[in-house]
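Student: For our numbering, add 80 to where a residue sits in the sequence shown, where the first one is 1.
Idealized CB from N, CA, C, for every residue including glycine.
Remember, predicted model here, so these are calculated numbers, not experimental data.
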Amino acid sequence: MKISRKEFVLKSAVIAAGISTGGNVILKAGEPISGYTLNPLSAQPEKNGNFQINVFSKPLHWLPVPELMPIVAGMGFDGVDLTVRPNGHVSPENVEVDLPKAVAAANKAGIKIKMITTSINNADDPLTERILKTAATLGIQHYRMDWLFYDDKISIPQNLISVEARMGKLALLNAKYAIHGEYQNHSGKFTPETYFGSSLWDLYTVLKNINSPWLGSQFDTMHATVEGAYSWETDLKLLAPYIYSLAVKDFYWLKKDEKWFPQVVQLADGMVDFRKYFKLIKQYKINGPITLHFEYPLGGAETGAKTTTMRKDQIFTMMQKDLMTLKNYLREADLI
81 MKISRKEFVL
91 KSAVIAAGIS
101 TGGNVILKAG
111 EPISGYTLNP
121 LSAQPEKNGN
131 FQINVFSKPL
141 HWLPVPELMP
151 IVAGMGFDGV
161 DLTVRPNGHV
171 SPENVEVDLP
181 KAVAAANKAG
191 IKIKMITTSI
201 NNADDPLTER
211 ILKTAATLGI
221 QHYRMDWLFY
231 DDKISIPQNL
241 ISVEARMGKL
251 ALLNAKYAIH
261 GEYQNHSGKF
271 TPETYFGSSL
281 WDLYTVLKNI
291 NSPWLGSQFD
301 TMHATVEGAY
311 SWETDLKLLA
321 PYIYSLAVKD
331 FYWLKKDEKW
341 FPQVVQLADG
351 MVDFRKYFKL
361 IKQYKINGPI
371 TLHFEYPLGG
381 AETGAKTTTM
391 RKDQIFTMMQ
401 KDLMTLKNYL
411 READLI
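Quick look at the structure:
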């Protein structure tokens, strides 16, 4: 039986990564399995969100969920990008009980939970399906994956094969529950490993080969700018068809001990060219929810700590300032 180059590449990826297909992994372009197809032109669902602005709940871990929701609503956010991961607002082990409670609390406050941030990067982990099934049942449409890292013991092409096989299995599970899985590009080297997706072409290559409407990018323009001060525009254009959500934050370069580091700062205080960025977002017709991040100093809250040394009202003021700045950028680009 003759097979196409596409089939050969995908089969090789699964075998090389040592992953059992279980008879369900998609190996043919356009072959339907359980109502799923690899052709994004015919199967692309709506990227719901319409630039709904969500607060990333990591810097608010010191607030229990019932208190978090009315405060977020009062600050003017549309919703919450809730941490559903170890040490997050919802523990993965308790997702069936605690995530419905969080959604109910958000609804009561007049806001929504349409996206979550998870530690998911393996379809074979029993917690993965529990999280996705619960989230989808509650109407949550987007989840951010956990990061993957390069294995320095093998070549870059071998790494791409391994990552493609792993993410391909997640695409199948996402399709089963009709929920978007999104990988956030992150800059730099995480000792002793380097982030997959930091250079962006590697993420594009894997997403293009998997070719699933249920697996995409959560584009982080700050990290894209860190990696390519000017080439981020090319990266954005390359990934545009696969971008389902946006992560927003700002930075500038800071020199310390004869080394340069990206220092996260409030929006408009850094180097990210948000005016050009949102102009291109409109030009490429990218849609989806926004998660607004706060990783500058907040008395420890920026690290996800359960306590903070900064006054609560000061934290809320800084968050509201970023929210207003973001809304102004969106208005200037005629996106809201």
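#1: Helix, strand or coil: which one does DSSP assign to GLY308?
#2: Can you tell me which residues form a DSSP beta bridge with TRP340?
#3: Please name the residue in TYR332, TYR263, ASN289 whose C-alpha comes closest to that of SER325.
#4: Can you look up ASN134 in the DSSP assignment and give me helix, strand or coil?
#5: For VAL420, count neighbouring C-beta atoms within 10 Å of its own C-beta (all shown protein chains included) and say buried if the count is 16 or more, exposed if not.
#6: Whether or not the segment 235-249 and the segment 186-196 are in contact is what I'm after, with contact meaning three or more pairs of Cβ atoms, one per stretch, closer than 8 Å; do they touch?
#7: Whose C-beta lies closer than 8 Å to the C-beta of TRP57 among residues of the same chain, with five residues either side of it excluded?
#8: Spatial neighbours of LEU334 within its chain, please: CB distance less than 6 Å, with the 5 preceding and 5 following residues excluded, ordered by chain position.
#9: Would you tell me roughly how many angstroms separate the C-alpha atoms of TRP294 and VAL345, rounded to the nearest one?
#10: Sort ILE211, VAL160, PRO144, PRO139 by Cα distance to PRO172 and report the nearest one.
#11: Determine the direct distance from the alpha carbon of GLY296 to that of PHE157, and round the result to whole angstroms.
#12: May I ask you to report which of helix, strand or coil DSSP gives ARG391?
#13: By Cβ distance below 6 Å, which residues in the same chain neighbour TYR116 in space, the five residues on each side in sequence not counted?
#14: Just to check, is the beta-carbon of TYR409 closer than 7 Å to a non-hydrogen atom of the ligand SAH?
#15: Mapping DSSP to helix, strand and coil, what is VAL175?
#16: Taking 8 Å as the threshold (C-beta atoms), are TYR275 and TRP227 in contact?
#17: Give me the Cβ distance between GLY248 and ILE290, rounded to the nearest whole Å; I'm assuming they're in contact under 8 Å.
#18: Quick one: what's got a C-beta closer than 6 Å to ILE361's C-beta in the same chain, skipping five residues either side?
Tutor: So, from the listed chains and residues:
#1: The sequence position of residue 308 within the sequence shown is 228, counting from 1. Three-state result, GLY308: coil.
#2: Counting from 1 along the sequence shown, the entry for residue 340 is found at position 260. Partner(s): LYS335.
#3: Mapped onto the sequence shown, residue 325 falls at position 245. Ranking the options by Cα distance to SER325, first place goes to TYR263.
#4: Numbered from its first residue, the sequence shown carries residue 134 at position 54. If DSSP states are grouped into helix, strand and coil, ASN134 belongs with the strands.
#5: Since the first residue shown for the chain is 81 and the last is 416, residue 420 is missing from the structure and cannot be characterised.
#6: Flag = no, the segment 186-196 and the segment 235-249 do not touch.
#7: Missing from the structure shown is residue 57; the chain here goes from 81 to 416 and no further.
#8: Locating residue 334 in the sequence shown gives position 254, where the first residue counts as 1. Taking C-beta separations shorter than 6 Å and ignoring five residues to either side along the sequence, the partners of LEU334 in its chain run PHE341, GLN343, following chain order.
#9: Reading the sequence shown from its first residue, position 214 is the one you call residue 294. Reading the sequence shown from its first residue, position 265 is the one you call residue 345. Those two C-alpha atoms are separated by around 32 Å.
#10: Your numbering for residue 172 matches position 92 in the sequence shown. Nearest neighbour of PRO172 by Cα position, chosen from ILE211, VAL160, PRO144, PRO139, turns out to be ILE211.
#11: As a working note, residue 157 is residue 77 in the sequence shown. As a working note, residue 296 is residue 216 in the sequence shown. Inter-residue distance for PHE157 and GLY296 is about 24 Å (C-alpha atoms, whole angstroms).
#12: Position 311 of the sequence shown holds residue 391. Coil, per DSSP.
#13: Mapped onto the sequence shown, residue 116 falls at position 36. Note that TYR116 has pLDDT 30, beneath the 50 cutoff, so the model's placement of it is unreliable and the number below is only indicative. The residues are ALA255.
#14: With respect to small molecules bound, the structure shown includes none, and the ligand SAH cannot be examined in it.
#15: Along the sequence shown, read from residue 1 onward, the residue named residue 175 stands at position 95. Here VAL175 sits in helix by DSSP.
#16: Here the question's residue 227 lines up with position 147 in the sequence shown. Here the question's residue 275 lines up with position 195 in the sequence shown. In this structure, TRP227 lies near TYR275, with their beta-carbon atoms less than 8 Å apart.
#17: Within the sequence shown, residue 248 is the residue found at index 168, counting from 1. Within the sequence shown, residue 290 is the residue found at index 210, counting from 1. At roughly 5 Å, the Cβ-Cβ gap stays under 8 Å, so GLY248 and ILE290 are in contact.
#18: One-based indexing of the sequence shown puts residue 361 at position 281. Same-chain partners within the cutoff: there are none.
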